[in-house]
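Here is the structure we will look at.
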Amino acid sequence: MRIICNPDPDLGRAHSLRLGLAALPSVRYCFVQNIDNPFVDPELIGALYAAREQAPYVTPEHLGPRRPSGAHWPSTHRTGPSG
25 MRIICNPDPD LGRAHSLRLG LAALPSVRYC FVQNIDNPFV DPELIGALYA
75 AREQAPYVTP EHLGPRRPSG AHWPSTHRTG PSG
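Count the sequence shown with the numbering used here and you get residues 25 to 107, in order.
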């Protein structure tokens, strides 16, 4: 295991993810999971891997597609799509 430290944690989790991905050897696929999702089982990982050629990325669904929270785009959430 190799640990990659983010020297600028204020840049956020996406920056940490980019650093980690950049440090990977040449790979075609990777699985990224938040650590607060403890119930991911090997069958789900297998299903995600089996679907890898169907789209640029794959995400599981439960009870319908996920929709992003307005918290991800606070200015749009507050003022509407025109900003």
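Idealized CB from N, CA, C, for every residue including glycine.
DSSP places A46 inside the alpha helix (DSSP H), whose first and last residues are 37-47. Setting aside the 5 residues that flank it on each side, L72 is surrounded in the same chain by V82, each with a C-beta closer than 6 Å to its C-beta; the list follows chain order. Per DSSP, the unbroken alpha helix (DSSP H) holding G70 starts and ends at 66-74. Nearest neighbour of Q57 by Cα position, chosen from P84, M25, P49, S50, turns out to be P84. G70 and V64 have their C-alpha atoms some 11 Å from each other. Restricting attention to L87, C29, N61, the CA atom closest to the CA of S40 is found in C29.
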